[in-house]
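**Student:** So that we are looking at the same thing, I have put the structure below in structure tokens.
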Amino acid sequence: DIDFFAAWTMFGRETGNTGTLVVDGEYRFKIGSQPPSDLRGELGLLTGTTGGFNDRGWVVRDFHWRQRLFGGKLRLLIGRADVADYAGGTRLQSINLYFSNTAFSSNASTAFPNGNGPAAGFTIAPNDFFYVTAGMANAYSSANTIGLSTLDNGEFFYFGEVGITPEIPDLGAGRYRLFLWHMDERDELNLPDDQGLSVILEQEFGSQVLAFLRYSYADGALRDIRNSVQAGVGIRGLLGSDANVTGAAFSFSEPASSTGRDETVMEVFQRFQLTRHTQLTLGAQLILDPAYNADQDAIGVFTARFRWAF
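308 is the number that this note's numbering gives to position 308 of the sequence shown; each next residue is one higher, with no gaps.
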């Protein structure tokens, strides 16, 4: 997985009301006969053992404009984007840096569009305690297409998030929010509509520990997850360097389909900062009662991820 990032702040550098063009691209390819993302179907799982690492090839992910106004109290976005990057997630939700299983590296119950596409959104943050984010994206968005040709269909993904960000004395910063979403029916793909919500709680405990708890509900017509809950923690500097990160998380998911079993996932990882630019992450997952694999009661998955970033 090769990523290229660029951001050009064209206006307002001295005022704080910045206008920035964001462009990034990505190349994903398999090494060997099978990419890691294929294991979900092969093992009969409700959530995948990893997200992102598939055989997609070259894509332009983001090409959008971010505008800050009124000293950053109003923030606007328009252009090609993945709205999953801006709402519904947790700070430990990164396939490149933290957990691997999609129960933790994404909001698995939410029927986000299938990748980047035409999108628009805004955030209002009148102070350091409260914010509101809302937006929409083309329901037919796909990382492999431009997506403009299907805008005339008038079918969209809508989302909104409201949250508070208190600073608790002798504890640390917190972020508590409610995330709502709706996906329109997509006639062109013969897919039904769907909707759901997430309640997300995050809290720092000192400068080294971050814990999260997320409950999600969805009708489940698109992602086949009705109810799910995740809880986890990330700890900096537990083993060696302060740049090292240790993580542990638990997930329980109930499928919308009556033919599937309730699935439990536990994951631990250790990320080592080898040099200034390189990281090695080793992890293990225990998956109990895989939803669509009645022949297995427990499956172990082991992960290794090397990252070079500069």
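We put the CB at the ideal spot given by N, CA and C, even for glycine.
Identify the continuous alpha helix (DSSP H) that holds Leu-39 and give its terminal residues.
**Tutor:** It spans 39-43 - the alpha helix (DSSP H) in which Leu-39 sits, taken as one unbroken run.
**Student:** What whole-angstrom Cβ distance do Pro-290 and Leu-45 have, given they're in contact under 8 Å?
**Tutor:** With 8 Å as the limit, Pro-290 and Leu-45 qualify as a contact, their Cβ atoms being about 5 Å apart.
**Student:** Once the 5 residues before and after Asp-128 are set aside, which same chain residues still bring their CB inside 7 Å of it?
**Tutor:** Contacts found: Thr-165.
**Student:** For His-277, which residues from the same chain have a beta carbon less than 8 Å from its beta carbon, with the 5 sequence-adjacent residues on both sides left out?
**Tutor:** Closer than 8 Å at Cβ, skipping near neighbours: Trp-308, Ala-309 and Phe-310.
**Student:** Quick test of your reading: Glu-188 and Asn-153, contact by CB under 8 Å. State the CB separation rounded to the nearest angstrom.
**Tutor:** Yes, they are in contact, since the Cβ atoms of Glu-188 and Asn-153 sit about 6 Å apart, within 8 Å.
**Student:** Taking C-alpha atoms, which residue in Arg-61, Ser-228, Ser-94 and Ser-198 lies nearest to Ala-81?
**Tutor:** Residue Arg-61 is the option with its Cα nearest to Ala-81.
**Student:** Assign Trp-58 to buried or exposed, taking buried as 16 or more other Cβ atoms, counted over all protein chains shown, within 10 Å of its Cβ.
**Tutor:** Answer is exposed; the Cβ neighbour count stays below 16.
**Student:** May I have the straight-line CA-CA distance separating Gly-121 from Met-183, to the nearest angstrom?
**Tutor:** Computed Cα separation, rounded: 16 Å.
**Student:** Where Thr-49 and Phe-70 are concerned, what is the direct C-alpha to C-alpha distance, given to the nearest angstrom?
**Tutor:** In a straight line, the C-alpha of Thr-49 is about 43 Å away from that of Phe-70.
**Student:** Which word fits Gly-135, buried or exposed, when buried means at least 16 other C-beta atoms lie within 10 angstroms of its C-beta?
**Tutor:** Buried, since its Cβ has 16 or more Cβ neighbours within 10 Å.
**Student:** Can you tell me the Cα-Cα spacing of Thr-110 and Thr-18, whole angstroms?
**Tutor:** Their Cα atoms are separated by approximately 31 Å.
**Student:** Measuring only the C-alpha atoms, how far is Leu-43 from Ser-37?
**Tutor:** Their backbone Cα atoms lie some 11 Å apart in a straight line.
**Student:** Which of the three DSSP states is assigned to Ala-294 in this structure?
**Tutor:** Of the three classes helix, strand and coil, the one that applies to Ala-294 here is coil, per DSSP.
**Student:** State the DSSP-derived secondary structure class of Leu-151, mapped to helix, strand or coil.
**Tutor:** DSSP places Leu-151 in helix when its eight states are reduced to three.
**Student:** Val-100 and Glu-263 look like a contact to me (Cβ under 8 Å); what is the Cβ gap, rounded to whole Å?
**Tutor:** One point to set straight first is that residue 100 is Ser, not Val, in the sequence displayed. Actually they are not in contact, since the Cβ atoms of Ser-100 and Glu-263 sit about 16 Å apart, beyond 8 Å.
**Student:** State the DSSP-derived secondary structure class of Thr-264, mapped to helix, strand or coil.
**Tutor:** Strand at Thr-264.
**Student:** Check whether the Cβ atoms of Ser-233 and Ser-251 lie closer than 9 Å to each other.
**Tutor:** Before going further, note that residue 233 is Val rather than Ser in the sequence given. Their beta carbons are not under 9 Å apart, which means Val-233 does not touch Ser-251 by this criterion.
**Student:** Give me the DSSP bridge partner(s) of Gln-195.
**Tutor:** Answer is His-182.
**Student:** On the three-state DSSP scale, how would you describe Ala-84?
**Tutor:** Correct three-state label for Ala-84: helix.
**Student:** Considering only the alpha carbon of each residue, which of His-64, Phe-212, Gly-12 and Asp-219 lies closest to Arg-235?
**Tutor:** For the record, residue 235 in the displayed sequence is Ile; it is not Arg. Of the listed residues, the one whose Cα sits closest to Ile-235 is Phe-212.
**Student:** When we look at the beta-carbon of Gln-34 and count the other beta-carbons within 10 Å, is it buried (16 or more) or exposed?
**Tutor:** Flag for Gln-34 reads exposed.
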